[in-house]
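**Student:** Mind looking over this structure? Questions follow.
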Amino acid sequence: MIIAIDGPAASGKGTLGKRLAAHYGYRHLDTGLIYRAVAKAVLDAGHQLTDEAQAVAAAVALDTGQLESPDLKTDVMGQAASVVSAYPGVRAALFDFQRDFASHPPGAVLDGRDIGTIICPHAEVKIFVVASPEVRARRRTLEIVARGETADEAAVLDDIKKRDERDRNRAAAPLKAAPDAHLLDTSALDIEGAVRAAIDIVEAVRAGR
Ligand code: DC
């Protein structure tokens, strides 16, 4: 079975997807990390994010075995990923890896922005996760503070809104719910509640409800 988790609040850096995958014994891929890794490669090589040809070259050369670096999880890299992920050549270069990851038994959970629409349109379960930008900014700020860093919640909120806007309005694989996706609003849920709600959705689909 393939479970596609998309939406502006899908990631929480992969926590929901990871928990769901662990529950079902499936493999998990946080696809945001591959776009973040492409952005990092472009910046590390001293190029501008606006250099589309360099971004495509970085995507083609990407080592998908190297997605664990904590450097990928910063807000700066999230914004940078949002820029390079708008290039169709970048998305095309990363397509086969994601498709292939999803295809192996016993099943996989992929989270991102276009899993249910483009990467795995035939996924058995599609969940589109939303939460208000204010709630997401609060969560994000608490995460940053928990790491011992300082965060300006208003600036975090501003970044979230800018990123959503860019992801929704790009021509290539824009962020949108697949018509057969189940909407999960986590604004009033903590992570435990969100995991339970996601499992309820999977179980309802499995039971044919
Ligand atoms: O989920 P995340 O914060 O790691 O994603 C970072 C950016 O990468 C996001 O703003 C848009 C892009 N992205 C994408 O275009 N498609 C995906 N499947 C996953 C992420």
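Numbering-wise (the working numbering), the sequence shown opens with residue 4 and increments by one. Ideal placement from N, C-alpha and C gives every residue a C-beta, glycine not left out.
Output the distance between the C-alpha atoms of residue 163 and residue 170, rounded to the nearest integer angstrom.
**Tutor:** Position 160 of the sequence shown holds residue 163. Position 167 of the sequence shown holds residue 170. Rounded to the nearest angstrom, the two C-alpha atoms are 10 Å apart.
**Student:** Is residue 36 near ligand 1, in the sense that its beta carbon is under 8 Å from a heavy atom of that ligand?
**Tutor:** Along the sequence shown, one-based indexing puts residue 36 at 33. Result yes, Cβ under 8 Å from ligand 1.
**Student:** In whole angstroms, what separates the C-alpha of residue 81 from that of residue 75?
**Tutor:** Here the question's residue 81 lines up with position 78 in the sequence shown. Here the question's residue 75 lines up with position 72 in the sequence shown. Approximately 8 Å, taken between the alpha carbons.
**Student:** Rounded to the nearest angstrom, what separates residue 22 and residue 128 at their Cα positions?
**Tutor:** Here the question's residue 22 lines up with position 19 in the sequence shown. Here the question's residue 128 lines up with position 125 in the sequence shown. If I take the Cα positions, the gap works out to 15 Å.
**Student:** Apart from the five residues on each side of it in sequence, which residues of its chain come closer than 8 Å, Cβ to Cβ, to residue 43?
**Tutor:** Taking the sequence shown and counting its residues from 1, one reaches residue 43 at position 40. Contacts found: 72, 74, 75, 80, 83.
**Student:** Contact between the region 60-71 and the region 28-41 is defined here as three or more beta-carbon pairs at a separation below 8 Å; is this criterion met?
**Tutor:** yes
**Student:** Strictly by DSSP, which residues pair up with residue 7?
**Tutor:** Mapped onto the sequence shown, residue 7 falls at position 4. Paired residues: 113, 129.
**Student:** Give the straight-line distance between the Cα atoms of residue 90 and residue 60, rounded to the nearest whole angstrom.
**Tutor:** Counting from one through the sequence shown, the residue named residue 90 turns up at place 87. Counting from one through the sequence shown, the residue named residue 60 turns up at place 57. C-alpha separation (whole angstroms): 11 Å.
**Student:** Assuming residue 10 and residue 131 are in contact, meaning their beta carbons sit under 8 Å apart, how far apart are those beta carbons, in whole angstroms?
**Tutor:** Along the sequence shown, one-based indexing puts residue 10 at 7. Along the sequence shown, one-based indexing puts residue 131 at 128. That belief holds up - the Cβ atoms of residue 10 and residue 131 are roughly 4 Å apart, short of 8 Å.
**Student:** Residue 200 and residue 187 look like a contact to me (Cβ under 8 Å); what is the Cβ gap, rounded to whole Å?
**Tutor:** Counting from one through the sequence shown, the residue named residue 200 turns up at place 197. Counting from one through the sequence shown, the residue named residue 187 turns up at place 184. Correct: roughly 6 Å between the Cβ atoms.
**Student:** Can you tell me where the alpha helix (DSSP H) with residue 160 in it begins and where it stops?
**Tutor:** The sequence position of residue 160 within the sequence shown is 157, counting from 1. 156-172 is the span of the alpha helix (DSSP H), which, as asked, contains residue 160.
**Student:** Judging by CA-CA distance, which residue of 45, 7, 12, 6 is the nearest neighbour of residue 134?
**Tutor:** In the sequence shown, residue 134 corresponds to position 131, counting from 1. Its Cα nearest to that of residue 134, the residue 12 stands out among 45, 7, 12, 6.
**Student:** Check residue 199 in the structure and name its three-state DSSP category.
**Tutor:** Position 196 of the sequence shown, counting from 1, holds the residue named residue 199. Looking at residue 199 - three-state DSSP - the assignment turns out to be helix.
**Student:** If you compare alpha carbons, which of 184, 26, 24 is closest to residue 120?
**Tutor:** By 1-based counting over the sequence shown, the position of residue 120 is 117. Distance check between residue 120 and each of 184, 26, 24 places 184 closest, using alpha-carbon atoms only.
**Student:** Pop quiz: residue 111 and residue 104 are said to be a contact at Cβ under 8 Å. What is the actual Cβ separation, rounded to whole angstroms?
**Tutor:** Counting from one through the sequence shown, the residue named residue 111 turns up at place 108. Counting from one through the sequence shown, the residue named residue 104 turns up at place 101. Contact holds; Cβ gap of about 6 Å.
**Student:** Among 181, 146, 77, 92, whose alpha-carbon lies nearest the alpha-carbon of residue 6?
**Tutor:** Sequence index remark: in the sequence shown, residue 6 carries index 3 (1-based). Ranking the options by Cα distance to residue 6, first place goes to 181.
**Student:** Taking the beta carbon of residue 194 as the centre, do at least 16 other beta carbons fall within 10 Å, making it buried, or is it exposed?
**Tutor:** Reading the sequence shown from its first residue, position 191 is the one you call residue 194. Result: exposed.
**Student:** For residue 65, verify whether its CB is less than 8 Å away from any heavy atom of ligand 1.
**Tutor:** Walking along the sequence shown from the start, residue 65 turns up at place 62. Checking the Cβ of residue 65 against ligand 1 gives no.
**Student:** Skipping 5 residues on each side, what residues in its chain have a beta carbon closer than 7 Å to that of residue 138?
**Tutor:** Position 135 of the sequence shown, counted from the first residue, corresponds to residue 138. Contacts found: 190.
**Student:** What is the C-beta distance between residue 113 and residue 46, in whole angstroms, given that I count them as a contact (C-beta under 8 Å)?
**Tutor:** As a working mapping, residue 113 is identified with position 110 in the sequence shown. As a working mapping, residue 46 is identified with position 43 in the sequence shown. Not quite, the Cβ-Cβ distance comes to about 25 Å (not below 8 Å), so this is no contact.
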